[in-house]
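The structure appears below as structure tokens.
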Amino acid sequence: METYNSNIDLEIERMLETSSVSPLLKAIVKASLYNMPYANKMTILRSLQKEQRKLLLLKKREEKIIEKYRGLMENLSKQQGNT
Amino acid sequence: MSDDKVKLDEGLIGDAINEGKTRVKDAYKVAMEKSFGKTWTDKLQVWNWPKNSLLFVGNFFKELFAVKKEKEEAKERAESEIVQEVVNGGETSAIAKRLTEEIDAEAKLEPEEKEAVAILVEDSLEAAKATGEPAKALATIDRVKEAAKEDEKDPEALTDEEIRRSFSMGLFTMVRLRQRFDSEEKLAEFLTRVKSAAGKSRKFNDFSKYLTNNFKKLFKFESGDVPELLGIDKTKFLPLLISNDKMRDGLDIVLPELFPTAVRDKGLVPIRKFFVNFIRQKRYSEPETIAKLVFMVEGKNSNDMRDLAKRIGGAKIVSLASVRETEDKKAQLKQEGAEKPVAKKEDEEKGEEADKKPDHKEEEPQLAEDL
């Protein structure tokens, strides 16, 4: 059974850098990659990719919310200035 | 401002108001900083928002919290999946070893501590594998890590909160305590603080048990009375341990004296359950210990307990007279300072005979029914 695959290991480590999972878990994953079967590595990679996509979507939603309220506040300020 | 608005940020605004932020706007600002950090509040300049905008602020919070919650959920989901794969796909002892090395690099553990950390980490990973609750394992490992670091401090300088946290990993604390307390009085004083900080927690029971079992090994001074040293009412010690349901070797030390109190305080049912479990797990099958149990049962006028003792002890039950005889012999030998091992006692012979007989496995269903 193949356990070491430098490409997938590197990819996981790269994804971990931007992941929101705890630093401890990052250390655990890194510590266990060498002896881990390929299938488990793939599942980890997929989980990280899924998390990354979700975080990206949420970040965009956050920006939209901020923009929406910033606009609202600006309008309100203008209205108050006019009155 | 309506109550609904105050609740929007899960109590933080309320907290801010309680902390003296009387202006709603200020309360929002404090709450927001606590929730999202200063960068966000700076970015949005909440304090510059016009007076009549406060109605919007509530909704703003609501939407941001929804996103924040989703982020946390995504993180938890990823953590859960990843830990599961790690424990399923890796050798837990190897992972534990590597993690322990990392913790050691940060916290400079003593050899005994290092061993304890490795065991705790491995146990957590194994538990995650078995229960499918990886988040719990992660939290435990994190606590181990924090406690290991916290133990660097002088125990007398710890705050109650730090004691409470550090105490949850009592094993570490004990190793450090051994190095730092050179008198029994100082240790007793500190342990009283530990007790008051920890309260009647399960961890405290584990700690008491650990201290009871390892006192002489851990400290250069001798103290036979660990419960007292811990500031525990001795009559309450056994019930405390029994409620923990994890008592092992410490039992022999406290049982003879405290058993009647335990029965009185806890009632027969939990005590019975407790003993049956111990017998089943072969932790309590020494003839001498069973004899002690019978001794206690005979000391108590309880038919229920006598019956139970007979059944769980099976062929190993010895007479009260032989127990007393054994105790007398022991005391005599101790007095004489004899180094030779005691000749085979009547009860031990009986115990060995019983050991040769087949196990009492067929009795277990009956015991289970009793419970």
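Chains A and B, in that order, give the protein sequences.
For the first sequence, my numbering begins at 1344 and goes up steadily by one.
For the second sequence, my numbering begins at 830 and goes up steadily by one.
From the three backbone atoms N, C-alpha and C, an ideal C-beta is built for every residue, glycine too.
DSSP places ASN888(B) in the helix class (H, G or I) of the three-state scheme. Within the same chain, ALA947 come within 7 Å of LYS926(B) by CB-CB distance, once the 5 residues on both sides are set aside. Here the alpha carbons of GLU1165(B) and GLN913(B) stand approximately 60 Å from one another.
Taking the Cα of LYS897(B) as reference, the smallest distance to any Cα among ASN1418(A), GLY1414(A), LEU1399(A), LYS1384(A) is reached at LEU1399(A). In the displayed model, PRO1366(A) falls within a helix according to three-state DSSP.
Proximity of VAL912(B) to chain A, defined by a Cβ-Cβ separation below 8 Å, is satisfied. When DSSP states are grouped into helix, strand and coil, ASN1418(A) belongs to the helix group. Here DSSP, grouped into helix, strand and coil, assigns LEU938(B) to coil. Using a Cβ-Cβ cut-off of 8 Å, LYS943(B) does not count as an interface residue toward chain A, since no Cβ of chain A sits closer than that to its own. In this chain, the alpha helix (DSSP H) harbouring GLU1360(A) covers 1349-1361. Around the C-beta of ALA957(B), 16 or more other C-beta atoms lie within 10 Å, and the residue is accordingly described as buried.
The Cβ-Cβ distance between LYS1369(A) and LEU1359(A) falls below 8 Å. Just measuring C-alpha positions, the residue of LEU1415(A), ILE1355(A), SER1362(A) sitting nearest ARG906(B) is SER1362(A).
Interface with chain A (8 Å Cβ-Cβ cutoff): LEU1020(B) is excluded.
With respect to chain B, the C-beta atom of ASN1350(A) has no partner C-beta closer than 8 Å.
Contact residues of the region 912-938 of chain B toward chain A are VAL912, GLU914, VAL915, ASN917, GLY918, GLY919, GLU920, ALA923, ILE924, ARG927, LEU928, GLU931 (C-beta to C-beta distance below 8 Å).
What MET1379(A) touches in chain B, judged by beta-carbon distance under 7 Å, is GLY918, GLY919, going in chain order.
Three or more beta-carbon pairs separated by less than 8 Å are not found between the region 923-938 of chain B and the region 1384-1395 of chain A, which leaves the two stretches without contact.
Interface criterion met: the Cβ of LYS900(B) is under 8 Å from a Cβ in chain A.
When only Cα atoms are considered, SER953(B) and VAL916(B) end up about 10 Å apart. Relative to SER1375(A), the option among GLY919(B), ALA934(B), ILE932(B), GLN1161(B) whose CA is nearest is GLY919(B).
Residues of chain A with a Cβ closer than 8 Å to the Cβ of LYS974(B) are, in chain order, LEU1367. LEU1399(A) has a beta carbon lying at 8 Å or more from every beta carbon in chain B. Residues MET1358 of the same chain have their beta carbon placed closer than 8 Å to that of GLN1392(A), with the five preceding and five following residues left out of the count. The beta-carbon distance between ILE1351(A) and VAL1372(A), rounded to whole angstroms, is 12 Å. This is too long to meet the 8 Å contact definition.
The three-state secondary structure of GLY918(B), taken from DSSP, is helix. By the beta-carbon neighbour count (other beta carbons within 10 angstroms, threshold 16), SER1349(A) is exposed. Straight-line spacing of the CA atoms in LEU1415(A) and PHE894(B) works out to 19 Å. Going by beta carbons, LYS1402(A) and ALA903(B) fall outside the 8 Å limit.
If the five residues before and after ILE970(B) are omitted, its C-beta is found closer than 6 Å to the C-beta atoms of VAL950, SER953, all from its own chain and listed in chain order. A distance below 8 Å between beta-carbons, with the five flanking residues on each side excluded, links GLU1394(A) to the following residues of its chain, in chain order: SER1362, SER1363, VAL1364. With a threshold of 16 other beta carbon atoms within 10 Å, ALA959(B) falls short and is exposed.
Apart from sequence neighbours up to five positions away, the residues of its chain that approach LYS974(B) with a beta-carbon distance below 6 Å are ILE932, ordered along the chain. Cβ neighbours of LEU967(B) within its own chain (closer than 7 Å, five residues either side excluded): GLU908, VAL912. Among the residues facing chain B, LEU1391(A) is included, as its CB has a counterpart in that chain under 8 Å away.
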